[in-house]
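If you read the protein sequences in the order shown, they are chains A and B. Its first residue numbered 1, the first sequence is counted upward by one per residue in the UniProt record's numbering. Its first residue numbered 1, the second sequence is counted upward by one per residue in the UniProt record's numbering.
There are 2 protein chains.
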Amino acid sequence: MGEVEEVRNKQVVLRDYIHGFPKESDMYITESSICLKVPQGSNGVVVKNLYLSCDPYMQLLMKITQGHGAPFTPGSVITGYGVAKVVDSGHPNLKTGDFVWGTTGWEEYSLIKNPESLFKIENTDVPLSYYTGILGMPGLTAYAGFYDICAPKQGEYVFISAASGAVGQLVGQFAKLMGCYVVGSAGSKQKVDMLKNKFRFDEAFNYKEEQDLDAALKRCFPEGIDVYFDNVGGKMLDAVLLNMRNHGRIAVCGAVSQYNVEQPEGVTNLMCLFYKRIRMEGFAVFDYFPQYSKFLDTVLPHIRDGKIVYVEDVANGLESAPSALLRLFSGRNVGKQLVAIAHE
Amino acid sequence: MGEVEEVRNKQVVLRDYIHGFPKESDMYITESSICLKVPQGSNGVVVKNLYLSCDPYMQLLMKITQGHGAPFTPGSVITGYGVAKVVDSGHPNLKTGDFVWGTTGWEEYSLIKNPESLFKIENTDVPLSYYTGILGMPGLTAYAGFYDICAPKQGEYVFISAASGAVGQLVGQFAKLMGCYVVGSAGSKQKVDMLKNKFRFDEAFNYKEEQDLDAALKRCFPEGIDVYFDNVGGKMLDAVLLNMRNHGRIAVCGAVSQYNVEQPEGVTNLMCLFYKRIRMEGFAVFDYFPQYSKFLDTVLPHIRDGKIVYVEDVANGLESAPSALLRLFSGRNVGKQLVAIAHE
Chain A
1 MGEVEEVRNK
11 QVVLRDYIHG
21 FPKESDMYIT
31 ESSICLKVPQ
41 GSNGVVVKNL
51 YLSCDPYMQL
61 LMKITQGHGA
71 PFTPGSVITG
81 YGVAKVVDSG
91 HPNLKTGDFV
101 WGTTGWEEYS
111 LIKNPESLFK
121 IENTDVPLSY
131 YTGILGMPGL
141 TAYAGFYDIC
151 APKQGEYVFI
161 SAASGAVGQL
171 VGQFAKLMGC
181 YVVGSAGSKQ
191 KVDMLKNKFR
201 FDEAFNYKEE
211 QDLDAALKRC
221 FPEGIDVYFD
231 NVGGKMLDAV
241 LLNMRNHGRI
251 AVCGAVSQYN
261 VEQPEGVTNL
271 MCLFYKRIRM
281 EGFAVFDYFP
291 QYSKFLDTVL
301 PHIRDGKIVY
311 VEDVANGLES
321 APSALLRLFS
331 GRNVGKQLVA
341 IAHE
Chain B
1 MGEVEEVRNK
11 QVVLRDYIHG
21 FPKESDMYIT
31 ESSICLKVPQ
41 GSNGVVVKNL
51 YLSCDPYMQL
61 LMKITQGHGA
71 PFTPGSVITG
81 YGVAKVVDSG
91 HPNLKTGDFV
101 WGTTGWEEYS
111 LIKNPESLFK
121 IENTDVPLSY
131 YTGILGMPGL
141 TAYAGFYDIC
151 APKQGEYVFI
161 SAASGAVGQL
171 VGQFAKLMGC
181 YVVGSAGSKQ
191 KVDMLKNKFR
201 FDEAFNYKEE
211 QDLDAALKRC
221 FPEGIDVYFD
231 NVGGKMLDAV
241 LLNMRNHGRI
251 AVCGAVSQYN
261 VEQPEGVTNL
271 MCLFYKRIRM
281 EGFAVFDYFP
291 QYSKFLDTVL
301 PHIRDGKIVY
311 VEDVANGLES
321 APSALLRLFS
331 GRNVGKQLVA
341 IAHE
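Structure representation (structure tokens):
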């Protein structure tokens, strides 16, 4: 153990900033080497990456676009949320063998220089991969967005777009546990079936098969919508605004329908905001990181009891990471898209 | 006094629902008669109308449009906020000679069957006309929208559109009293001068003379905007979204730029809501009517001290009411547009 151990390290690298829809060739696999010992005097950690999370926001970081923070660097390894095992640690709170989740590299091993950003995984009786999803960033997003931003009440009418995704499936189950009427939209029959049969939504529809989103919403919500958890923006948001009830709340979590358009679709029904006294609020999960343990206390028992279920779409091997990410962007994934790159 | 007194009663009537921009010919003056005694057994009141308020929302009630509640009835007298004197009362809380403000008719005398909707005017040391504006519905709108919806903090950067209007001028002065940096937009040089010199805004600009609203906002707010009090919607809102700071708040009070367009302008920058965790919230003044006396306690001392000033644009005579309303819709008014139809 005294000698410096250097190993080959496969990596996924962004070729260049993209324009329009991402392609597999925008990323490539390369191999470098990494020392599995933390540099002397550093308080960083070296981790072996186990599961990589594919998240919609990553698409934005592949472009130079205003507003969303620092994009990826062309020629450098892609970064994202993941689950990893500590191989060597210079940090007092982490030791070799610990499991962590947080921001890591799309590579076999990573040297993480700011391990304060990592969450130590204490509960390993649930699948470790869950910490890329229901027990990780998307889970906390669903929790913060639903309970804090949507301020839901029992019996309210709740609509969720991209409802079968990592965040949506959890929001819907939170809403059902609260005694709400829950409807979700998704982009395939398989996903719609999953919403109704697996996650027990009251109703669901395939937005791609609806000629008229306003009519679809009126069919599912004859009384209107109290709470909208918005993952997509654009036309769906515009139709939802027409169907909101007085004092409704819209949590703006994402706008995935707008990430790849040359010119964003204009939302034309914002006058509904004052007609119906609607609150529409954007939020970011990192503002809620300090509430992570409270979130775990809420969600873990429900997972253990089987009251909340979770569907993952797992790609295997680091080489499959670029295509897995594209599956997410084109909506081919069913449930939380992730990549399993090693099993401990 | 025992006999029934019947008098001639001039009225302003809506001819028919309008399409597009309202014209003077969409209204006409007629004369009917009214009994100045409350019908026996009624708890209504008969009032002599003194001041009529011209408000942007009235434009919406001249059309059949979804969403904003019951429109005016063609062939019937136009209704709106006004200040009136009680001529006869069947209601225990009001007596002959009392001054009131609330919803009344655009006519010389009105029989008001639900006097519970009226606010009794207790403070008459300030101009009675103020109860159509700074001390009436627009004043309470400014108070609720600014203090409750915008949740402002000392030193924050505040932007107000339609800033010289009935609501905007008060919001700006509230913000200055709180120690905010305040910028307003308006549609003429005269209004811009008024914002800077009369209401002591830190900066103001004429939106009609700006080629690029985004650039105008960046010039006035190099650090960005914390609070936007939105009276106009449309392109200005879109430009503001680009300039909001993290955790900014937008009070959506109206969208006067959109009331007369065939197709509403699409707002394309809503992704800023989650990039910057912005809250955007519509509100309606009638939700705040129970707070009216608290509002008066806040504002009246400032008016008496001269710390808050108010500019009115007064048209004289009921016959001038249709043209006064059109002045408002075309932005020709400078300050709160109202019509004086009688002096007690």
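Every residue, glycine too, gets a C-beta built ideally from N, C-alpha and C.
query: Selection of the stretch 247-263 of chain A by Cβ proximity to chain B, strictly under 8 Å; result: Val252, Cys253, Gly254, Ala255, Gln258, Gln263
query: Distance between B/Trp106 and A/Asp148 (C-alpha atoms, nearest Å); result: 45 Å
query: Outcome for A/Gly179 when other beta-carbon atoms lying within 10 angstroms are tallied against a minimum of 16; result: exposed
query: Burial state of B/Gly44, where buried means 16 or more other Cβ atoms lie within 10 Å; result: buried
query: Candidates A/Val334, A/Ile308, A/Val339, of which the one nearest A/Tyr126 by Cα; result: In the sequence as displayed, the identity of residue 126 of chain A is Val instead of Tyr. Of the candidates A/Val334, A/Ile308, A/Val339, the one whose C-alpha sits nearest the C-alpha of A/Val126 is A/Ile308.
query: Proximity below 8 Å, CB of B/Tyr109 to CB of B/Val46; result: yes
query: Chain-ordered chain A contacts of B/Val267 [CB-CB under 7 Å]; result: Gly266, Val267, Leu270
query: Proximal residues of chain C, C-beta to C-beta of A/Arg279 below 8 Å; result: Of the protein chains in this structure, namely A and B, none is chain C.
query: Any chain A beta carbon closer than 8 Å to B/Gly224; result: no
query: Residue environment, A/Lys336, which counts as buried when at least 16 other CB atoms sit within 10 Å; result: buried
query: Chain B contacts made by the stretch 227-245 of chain A, where a contact means CB separation under 8 Å; result: Gly233, Leu237, Leu242
query: A/Glu246 and A/Leu217 closer than 8 Å at C-beta; result: Before going further, note that residue 246 of chain A is Asn rather than Glu in the sequence given. In this structure, A/Leu217 does not lie closer than 8 Å to A/Asn246 by Cβ.
query: For A/Thr124, the three-state DSSP class (helix, strand or coil); result: coil
query: Collapsed DSSP secondary structure at A/Gln173 in the structure displayed; result: helix
query: Any C-beta of chain A under 8 Å from that of B/Phe274; result: yes
query: Own chain residues within Cβ distance below 6 Å of A/Glu203, not counting five before or after; result: Val183, Cys220
query: Assigned secondary structure, A/Arg332 (DSSP; H/G/I helix, E/B strand, else coil); result: coil
query: Nearest residue (CA-CA) to A/Ile278, options A/Gln11, A/Glu116, A/His91, A/Cys150; result: A/Cys150
query: Rounded Cβ spacing between A/Leu241 and A/Asn269 (contact assumed at less than 8 Å); result: 4 Å
query: According to DSSP, residues forming a beta bridge with A/Trp106; result: Bridge partners of A/Trp106: none, in fact.
query: At least three beta-carbon pairs within less than 8 Å, the stretch 132-141 of chain A to the stretch 160-171 of chain A; result: yes
query: Contact the stretch 15-35 of chain A vs the stretch 325-344 of chain A: 3+ CB pairs below 8 Å; result: yes
query: The beta strand (DSSP E) enclosing A/Ala162, as first and last residue numbers; result: Segment: none, A/Ala162 is in no beta strand (DSSP E) and carries neither H nor E.
query: Between the CA atoms of A/Glu265 and A/Gln258 - distance to the nearest angstrom; result: 7 Å
query: Between the CA atoms of B/Gln154 and B/Val227 - distance to the nearest angstrom; result: 11 Å
query: A/Ile34 beta carbon less than 8 Å from that of A/Val77; result: no
query: Among B/Met271, B/Ala284, B/Cys272, nearest to A/Phe274 - alpha-carbon criterion; result: B/Ala284
query: Same chain, Cβ closer than 6 Å to A/Leu61, neighbours up to 5 away in sequence not counted; result: Pro71, Phe72
query: Spatial neighbours of A/Ser330 in its chain, beta-carbon cut-off 7 Å, leaving aside the 5 residues before and after; result: none
query: Length of the line joining the Cα atoms of B/Met1 and B/Leu36; result: For B/Met1, the predicted model reports a pLDDT of 46, less than 50, meaning its position is unreliable; a value from the coordinates is still stated below. Distance between the alpha carbons of B/Met1 and B/Leu36 is about 10 Å.
query: Among B/Pro138, B/Asn197, B/Cys253, B/Pro56, the one whose alpha carbon lies nearest that of B/Gly233; result: B/Cys253
query: The stretch 288-305 of chain A touching the stretch 137-144 of chain A, judged by at least three CB pairs closer than 8 Å; result: yes
query: Option nearest B/Val83 by Cα separation, candidates B/Tyr51, B/Arg15, B/Phe286; result: B/Tyr51
query: Pick from A/Asp16, A/Thr30, A/Thr65 that is closest to A/Glu262, judged by C-alpha positions; result: A/Thr65
query: Within chain B, partners of A/Asp287 - CB distance below 7 Å; result: Arg277
query: Start-to-end residues for the alpha helix (DSSP H) that takes in A/Gln11; result: From DSSP, A/Gln11 is part of no alpha helix (DSSP H) but of the beta strand (DSSP E) over 6-14.
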